[in-house]
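Some notes on the structure that comes next.
There are 2 protein chains.
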Amino acid sequence: MLEPEQIVRLEQDAVVLLDQRLLPGEVVEVRCGTPVEVATAIRTMVVRGAPAIGVAAAYGLALAAVRGDDLGAADAVLRASRPTAVNLAWALDEMASDPSPEHARAIHAAEVERCRQMAAHTADLLSPGTRALTHCNAGGLATGGYGSAVGALLTAFERGLLAHVWVDETRPLLQGARLTAWELETAAIPHAVIADAAAGSLMAAGEIDCVITGADRIAANGDAANKIGTYSLAVLARHHDLPLYVVAPSTTLDLGTPSGGSIPIEDRDPAEVTARFAARNPAFDVTPAALISAIVTERGVHRAPYAESLSGAVAA
Amino acid sequence: MLEPEQIVRLEQDAVVLLDQRLLPGEVVEVRCGTPVEVATAIRTMVVRGAPAIGVAAAYGLALAAVRGDDLGAADAVLRASRPTAVNLAWALDEMASDPSPEHARAIHAAEVERCRQMAAHTADLLSPGTRALTHCNAGGLATGGYGSAVGALLTAFERGLLAHVWVDETRPLLQGARLTAWELETAAIPHAVIADAAAGSLMAAGEIDCVITGADRIAANGDAANKIGTYSLAVLARHHDLPLYVVAPSTTLDLGTPSGGSIPIEDRDPAEVTARFAARNPAFDVTPAALISAIVTERGVHRAPYAESLSGAVAA
Numbered sequence: 381m382l383e384p385e386q387i388v389r390l391e392q393d394a395v396v397l398l399d400q401r402l403l404p405g406e407v408v409e410v411r412c413g414t415p416v417e418v419a420t421a422i423r424t425m426v427v428r429g430a431p432a433i434g435v436a437a438a439y440g441l442a443l444a445a446v447r448g449d450d451l452g453a454a455d456a457v458l459r460a461s462r463p464t465a466v467n468l469a470w471a472l473d474e475m476a477s478d479p480s481p482e483h484a485r486a487i488h489a490a491e492v493e494r495c496r497q498m499a500a501h502t503a504d505l506l507s508p509g510t511r512a513l514t515h516c517n518a519g520g521l522a523t524g525g526y527g528s529a530v531g532a533l534l535t536a537f538e539r540g541l542l543a544h545v546w547v548d549e550t551r552p553l554l555q556g557a558r559l560t561a562w563e564l565e566t567a568a569i570p571h572a573v574i575a576d577a578a579a580g581s582l583m584a585a586g587e588i589d590c591v592i593t594g595a596d597r598i599a600a601n602g603d604a605a606n607k608i609g610t611y612s613l614a615v616l617a618r619h620h621d622l623p624l625y626v627v628a629p630s631t632t633l634d635l636g637t638p639s640g641g642s643i644p645i646e647d648r649d650p651a652e653v654t655a656r657f658a659a660r661n662p663a664f665d666v667t668p669a670a671l672i673s674a675i676v677t678e679r680g681v682h683r684a685p686y687a688e689s690l691s692g693a694v695a696a
Numbered sequence: 381m382l383e384p385e386q387i388v389r390l391e392q393d394a395v396v397l398l399d400q401r402l403l404p405g406e407v408v409e410v411r412c413g414t415p416v417e418v419a420t421a422i423r424t425m426v427v428r429g430a431p432a433i434g435v436a437a438a439y440g441l442a443l444a445a446v447r448g449d450d451l452g453a454a455d456a457v458l459r460a461s462r463p464t465a466v467n468l469a470w471a472l473d474e475m476a477s478d479p480s481p482e483h484a485r486a487i488h489a490a491e492v493e494r495c496r497q498m499a500a501h502t503a504d505l506l507s508p509g510t511r512a513l514t515h516c517n518a519g520g521l522a523t524g525g526y527g528s529a530v531g532a533l534l535t536a537f538e539r540g541l542l543a544h545v546w547v548d549e550t551r552p553l554l555q556g557a558r559l560t561a562w563e564l565e566t567a568a569i570p571h572a573v574i575a576d577a578a579a580g581s582l583m584a585a586g587e588i589d590c591v592i593t594g595a596d597r598i599a600a601n602g603d604a605a606n607k608i609g610t611y612s613l614a615v616l617a618r619h620h621d622l623p624l625y626v627v628a629p630s631t632t633l634d635l636g637t638p639s640g641g642s643i644p645i646e647d648r649d650p651a652e653v654t655a656r657f658a659a660r661n662p663a664f665d666v667t668p669a670a671l672i673s674a675i676v677t678e679r680g681v682h683r684a685p686y687a688e689s690l691s692g693a694v695a696a
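Sequences listed follow chains V and H, in order. The first sequence lines up with residues 381 to 696 when you count with this note's numbering. The second sequence lines up with residues 381 to 696 when you count with this note's numbering.
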């Protein structure tokens with residue numbers, strides 16, 4: 381398993397990021413010497429995953445402080461780097477009062493600790509022999525260490541509850557086939573990658589017991605934005621009477637957003653899908669709370685009505 | 381639009397196939413000088429699509445007859461080349477009584493004519509302004525000319541009924557992003573390719589009016605095997621109260637198979653999904669008849685109960 385500082389760290393003159401675009405084929409670090417370079421790395425998905433983006437932005441602001449840059453300008457460029465994940469804004473808000481490297485490192489450590497707590501809560505929901513499906517990568521790479529949905533799978537596996545993981549390859553950028561499969565292989569967890577379109581027929585064949593995903597932003601009513609395709613899985617899971625668990629830290633809750641309709645959905649370059657023909661490339665979708673069996677944060681397992689159960693779970 | 385003989389034809393000493401693995405980047409023909417080479421081309425998907433496979437097999441048997449090969453051996457190797465599409469067995473059964481080139485060419489011409497009839501019947505079901513979603517490639521490339529689902533889109537567009545086509549890219553082999561998009565571009569039909577996982581959220585956003593696909597085998601009760609992912613679309617369409625139309629010639633009906641559970645589903649090389657990690661690669665899934673709004677053959681529009689409505693529609 382990767383150590384948190386292998387995924388994202390602050391050095392004296394740079395934020396250093398493991399380049400997640402090249403994994404698992406190449407293990408290469410990208411050094412960002414300025415806040416603008418950190419923002420570019422976030423936008424181009426050198427680092428991705430809502431909590432990891434927040435950590436990278438916190439380090440970016442700390443770098444600005446160390447360099448004596450204009451902190452307002454650094455905040456603005458980092459905040460605008462990607463629209464959907466709320467952790468980005470949360471981390472920058474946190475850093476406003478104390479833009480020190482120590483504070484950024486504390487934010488990072490707290491995210492990893494939240495993952496371990498969420499994992500324990502989620503594992504409590506699973507029965508022995510569970511065959512779980514996950515989408516995209518909600519692993520250590522996405523959170524700066526340990527992982528949300530994948531962290532839950534790690535803990536469940538350690539407890540002897542997990543039999544198999546189906547990994548949606550997650551087009552267009554293949555975070556499942558590249559990153560989640562790599563993390564599961566490292567942890568020696570039995571797994572198989574599938575085309576995203578195969579999930580439904582595996583559910584119909586009785587080969588999936590539950591769906592476990594992360595989230596990029598969760599509205600006050602429990603609607604959850606996550607990688608495009610999560611919504612389809614939620615509909616399919618409901619049709620097959622399978623639970624969908626959304627595992628995300630309290631830093632992903634956005635109680636200021638009333639429902640999913642107000643969450644900005646990033647449309648990325650159509651060329652990520654195909655450079656040859658017209659294409660459309662929404663990067664996220666919103667799963668309505670009604671299709672989510674439980675939302676698990678580090679504070680515990682939250683169930684409907686979410687407006688009530690999430691209200692006490694905002695980040696400290 | 382491609383002419384039927386550009387897709388698959390019999391010459392004096394070879395079956396000539398447009399290599400669908402390389403399209404649209406390269407337009408290359410593969411010459412198969414023996415029935416074994418035709419079978420290999422079918423297995424490796426130089427030619428794919430249930431009706432086109434049947435036509436290629438018919439030409440393969442005619443080639444065997446012209447060469448003076450053992451017709452039983454040629455039939456066996458062609459019949460075993462792929463398991464799911466029933467058109468393969470149908471075409472070989474047809475050729476048994478008369479393995480002449482003229483007969484094979486007549487089978488080919490009849491498949492293209494069926495496509496035009498199906499297209500007219502399907503267009504009758506659509507309203508002006510229709511925004512249709514299609515999966516995989518059920519175009520001229522898949523049928524030996526004009527196409528089943530894509531043929532229906534062509535006719536609907538000519539009648540002024542079709543506003544837009546969403547094209548599932550159709551992993552792992554991207555027949556949608558490569559073949560269907562190419563055919564739609566050639567016909568100047570507005571379209572956009574999407575990641576397979578994006579279909580659900582486009583339905584939720586009200587951007588899709590109906591789903592139109594082909595089929596590889598339809599059981600007597602109306603259960604339809606088609607490219608992996610069709611079943612997921614069927615569940616999603618039902619959840620969003622959208623019709624799913626399956627467009628397929630009567631040669632795709634297999635009234636000897638009582639239901640979808642008896643249809644053999646081809647598992648292809650996991651390396652088509654990922655060569656780096658464990659993977660699973662079912663090439664087809666089965667959509668239960670209950671999720672299909674109508675099955676359209678050249679004989680007309682068939683609705684539930686399919687056991688009754690399909691019984692009179694078998695190929696002459």
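The C-beta atom is built at its ideal place from N, Cα and C for all residues, glycine as well. Since the structure is predicted, the reported quantities are computational estimates derived from the model, not experimental observations.
Nearest candidate by alpha-carbon position, reference residue i, set the options
i: Ile672 of chain H; options: H:Ser612, H:Pro404, H:Leu443 and H:His488; result: H:Ser612
i: Asp603 of chain V; options: V:Ala575, V:Ser642 and V:His571; result: V:Ser642
i: Leu443 of chain H; options: H:Thr560, H:Arg618 and H:Val395; result: H:Val395
i: Ala658 of chain V; options: H:Leu553, H:Glu565, H:Pro552 and H:Ala572; result: H:Ala572
i: Val418 of chain H; options: H:Ala437, H:Asp647 and H:Arg428; result: H:Ala437
i: Ala575 of chain H; options: V:Arg660, V:Asp450 and V:Glu391; result: V:Arg660
i: Asn467 of chain V; options: V:Gly448, V:Ala453 and V:Val435; result: V:Val435
i: Trp470 of chain H; options: H:Arg597, H:Gly640 and H:Ile645; result: H:Arg597
i: Arg447 of chain V; options: V:Pro463, V:Gly413, V:Val427 and V:Ala460; result: V:Gly413
i: Gly525 of chain H; options: H:Ala499, H:Ile569 and H:Val681; result: H:Ala499
i: Val408 of chain V; options: V:Leu390, V:Gln392 and V:Val427; result: V:Val427
i: Ile422 of chain H; options: H:Pro404, H:Gln400, H:Thr593 and H:Glu406; result: H:Gln400
i: Ala536 of chain H; options: H:Thr510, H:Thr523 and H:Leu690; result: H:Thr510
i: Tyr625 of chain H; options: H:Ala584, H:Asp649, H:Glu646 and H:Ala670; result: H:Ala670
i: Val627 of chain H; options: H:Gly429, H:Glu406, H:Leu403 and H:Val410; result: H:Gly429
i: Leu622 of chain V; options: V:Ala674, V:Leu451, V:Asp649 and V:Ala687; result: V:Ala674
i: Cys516 of chain H; options: H:Ala561, H:Ala486 and H:Arg496; result: H:Ala561
i: Ile440 of chain H; options: H:His483, H:Thr667, H:Val530 and H:Pro404; result: Rather than Ile, the amino acid found at residue 440 of chain H in this sequence is Gly. Here the closest residue by C-alpha is H:His483.
i: Val457 of chain H; options: H:Ser480, H:Pro481, H:Ala486 and H:Thr420; result: H:Thr420
Cβ separation of residue i and residue j, assumed to be a contact under 8 angstroms, to the nearest whole Å
i: Pro638 of chain H; j: Ala599 of chain H; result: 6 angstroms
i: Pro644 of chain V; j: Thr464 of chain V; result: 6 angstroms
i: Ala605 of chain V; j: Gly640 of chain V; result: 7 angstroms
i: Ala522 of chain H; j: Ala432 of chain H; result: 5 angstroms
i: Phe664 of chain H; j: Ile608 of chain H; result: 6 angstroms
i: Ser689 of chain V; j: Gly594 of chain V; result: Incorrect: roughly 18 angstroms between the Cβ atoms, too far for contact.
Beta carbon proximity, residue i to chain V, threshold 7 angstroms
i: Ala557 of chain H; result: yes
Any chain H beta carbon closer than 7 angstroms to residue i
i: Val396 of chain V; result: no
i: Ala599 of chain V; result: no
i: Ala561 of chain V; result: yes
Residues of the stretch 572 to 597 of chain H whose Cβ lies closer than 7 angstroms to any Cβ of chain V, in chain order:
Ala572, Val573, Ile574, Ala575, Asp576, Ala577, Ala578, Ala579, Gly580, Ser581 and Ala584
Short of 7 angstroms Cβ to Cβ, which residues in the stretch 601 to 632 of chain H face chain V?
Ile608, Gly609, Tyr611, Ser612, Val615, Leu616 and His619
Within 8 angstroms, do at least three Cβ pairs link the stretch 536 to 548 of chain V to the stretch 622 to 634 of chain V?
no
With a cut-off of 8 angstroms, do at least 3 Cβ pairs link the stretch 648 to 664 of chain H to the stretch 550 to 562 of chain V?
yes
Would you check if the stretch 576 to 593 of chain H and the stretch 608 to 623 of chain H touch, i.e. whether three or more CB-CB distances between them fall below 8 angstroms?
yes
Give the residues from the stretch 657 to 672 of chain V that approach chain H closer than 8 angstroms (Cβ to any Cβ), ordered along the chain.
Phe657, Ala658, Ala659, Arg660, Asn661, Pro662, Asp665 and Val666
If contact means a Cβ-Cβ distance below 9 angstroms, which residues of the stretch 645 to 657 of chain V contact chain H?
Ile645, Pro650, Glu652, Val653, Thr654, Arg656 and Phe657
Interface positions of the stretch 542 to 553 of chain V facing chain H (Cβ-Cβ less than 9 angstroms), listed along the chain
Trp546, Val547, Asp548, Glu549, Thr550, Arg551 and Pro552
Selection of the stretch 480 to 502 of chain V by Cβ proximity to chain H, strictly under 9 angstroms:
none
Do the stretch 492 to 508 of chain H and the stretch 669 to 688 of chain H meet, that is, are 3 or more Cβ pairs less than 8 angstroms apart?
yes
Three or more C-beta pairs under 8 angstroms: does that hold for the stretch 489 to 496 of chain H against the stretch 555 to 569 of chain H?
no
Determine which residues of the stretch 399 to 422 of chain V have a Cβ less than 9 angstroms from any Cβ of chain H, and write them out in chain order.
Pro404 and Gly405
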